[in-house]
Amino acid sequence: MMRPATTLLYCSLLSLPLLANAAAPDAGKPPAELDRFVAKGESILAFEAADLNGDGLRDVVFIVEPLQANDGAEEEDDGTRTLKIAIRAPDGSLNVVKESSRVVLCRGCGGAFGDPFAGLSASKNTFSVSHYGGSGWRWSNTYTFKYSKRDASWQLVQVDESSFHASEPEKLEAKTYRPPRHFGKIDIADFDPERFKGVGPK
-8 MMRPATTLLY CSLLSLPLLA NAAAPDAGKP PAELDRFVAK GESILAFEAA
42 DLNGDGLRDV VFIVEPLQAN DGAEEEDDGT RTLKIAIRAP DGSLNVVKES
92 SRVVLCRGCG GAFGDPFAGL SASKNTFSVS HYGGSGWRWS NTYTFKYSKR
142 DASWQLVQVD ESSFHASEPE KLEAKTYRPP RHFGKIDIAD FDPERFKGVG
192 PK
């Protein structure tokens, strides 16, 4: 029998795939003001609006990806995605000030489960990206970044990872990594999900 905490975490993991197919909280079509940041042959996968740098203005964090081939052919780049942070200026315009092509896993990086993207969330000064994938072995991760006023940028503040075998969900293993114990100062532009432990000045 699962303990209450384990049951809650397991149910949360199972709900992640549903989040990937749900409409963004801001709902529907991305705002037109983001169009100029999307290149030809790309589309917006997800977006969230929040005050991302604490200046009281509504900014936007969003993810762009290559359009899928209509014929179902494999993409050469596996659907590489880029996360962009657009900050609002006092005149109301948006300007992309940071981006990363490593924070969000590619469309083909989820193993047998398929597309691993499970959600983008944002609140004041903070945003998170979540993934879920695997086959017999299921895994999930969430990367959380927070704005540093001193460095005028967003830095990694937490990584949550978990895994379990579909036949034994009660044996779920979960780990949380935070600075300075597990890593130092890592700017979002330098973040590598394959190499963050022990990285960055402390």
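Just so you know, we're using this note's numbering here: the sequence shown kicks off at -8 and counts up by one.
Glycine is no exception: its CB is placed at the ideal position from the N, C-alpha and C atoms.
Review point. Are S121 and A109 touching if we call contact CB-CB under 8 angstroms?
Key: As a working note, residue 121 is residue 130 in the sequence shown. As a working note, residue 109 is residue 118 in the sequence shown. For S121 and A109, yes; Cβs fall inside 8 angstroms.
Review point. If we ignore side chains and look at the alpha-carbon of each, how far apart do G47 and Y138 end up?
Key: In the sequence shown, the residue the question calls residue 47 occupies position 56. In the sequence shown, the residue the question calls residue 138 occupies position 147. C-alpha separation (whole angstroms): 13 angstroms.
Check your understanding: Helix, strand or coil: which one does DSSP assign to V43?
Key -> Within the sequence shown, the letter at position 52 stands for residue 43. Checking the sequence, you will find Leu at residue 43 rather than Val. It is coil, neither helix nor strand.
Exercise for review: Below 8 angstroms on the Cβ atoms is my guess for L74 versus V95; work out the distance and round it to an integer in Å.
Suggested key: Your numbering for residue 74 matches position 83 in the sequence shown. Your numbering for residue 95 matches position 104 in the sequence shown. About 5 angstroms; that satisfies the 8 angstroms criterion.
Exercise for review: Taking the CB atoms as reference points, tell me whether R72 and L36 lie closer together than 8 angstroms.
Suggested key: In the sequence shown, residue 72 corresponds to position 81, counting from 1. In the sequence shown, residue 36 corresponds to position 45, counting from 1. Yes.
Point to revise | CB of T167 within 8 angstroms of CB of Q146, strictly | key: Indexing the sequence shown from 1 puts residue 167 at position 176. Indexing the sequence shown from 1 puts residue 146 at position 155. Between T167 and Q146, the C-beta spacing is not below 8 angstroms.
Review point. Since Q149 is in the beta strand (DSSP E), which residue starts that stretch and which ends it?
Key: If you number the sequence shown from 1, residue 149 lands on position 158. Unbroken beta strand (DSSP E) run through Q149: 144 to 156.
Review point. From A180 to K162, what distance separates their C-alpha atoms?
Key: Counted from its first residue, the sequence shown places residue 180 at position 189. Counted from its first residue, the sequence shown places residue 162 at position 171. Between A180 and K162, the C-alpha separation is close to 35 angstroms.
Practice item. Would you mind sorting E39 into buried or exposed? The rule is 16 or more other CB atoms within 10 Å of its CB. Key: Within the sequence shown, numbered from 1, the residue matching residue 39 stands at position 48. Label assigned to E39: buried.
Exercise for review: Would you list the residues sitting across from E90 in a DSSP beta bridge?
Suggested key: Within the sequence shown, numbered from 1, the residue matching residue 90 stands at position 99. The secondary-structure analysis by DSSP pairs E90 across a beta bridge with K75.
Practice item. Give the range of the beta strand (DSSP E) segment to which L111 is assigned. Key: As a working note, residue 111 is residue 120 in the sequence shown. Segment 108 to 114, the beta strand (DSSP E) holding L111.
**Study point:** Residue range of the unbroken beta strand (DSSP E) whose run includes K193
**Key:** Translated into the one-based positions of the sequence shown, residue 193 becomes position 202. First-last for K193: undefined, no H or E at that position.
Exercise for review: Counting only the same chain and skipping the five closest in sequence on each side, list residues whose C-beta sits under 7 angstroms from that of K115.
Suggested key: Residue numbering aside, residue 115 sits at position 124 when the sequence shown is read from its first letter. Here the set comprises A41, D42, G45.
Review point. In this structure, does DSSP put D50 in helix, strand or coil?
Key: Locating residue 50 in the sequence shown gives position 59, counting from the first residue. Strand, per DSSP.
Practice item. Quick one: give me the first and last residue of the beta strand (DSSP E) that P160 is part of. Key: Taking the first residue of the sequence shown as 1, we reach residue 160 at position 169. From DSSP, the beta strand (DSSP E) with P160 extends over 159 to 168.
Practice item. For P16, collect the residues of the same chain with a Cβ closer than 6 angstroms to its Cβ; drop the 5 residues on either side in sequence, then sort them by chain order. Key: Translated into the one-based positions of the sequence shown, residue 16 becomes position 25. Reliability fails at P16, whose pLDDT of 42 lies under 50, so the model's placement of it is uncertain and the value that follows must be treated cautiously. Excluding residues within five positions, none has a Cβ falling inside 6 angstroms.
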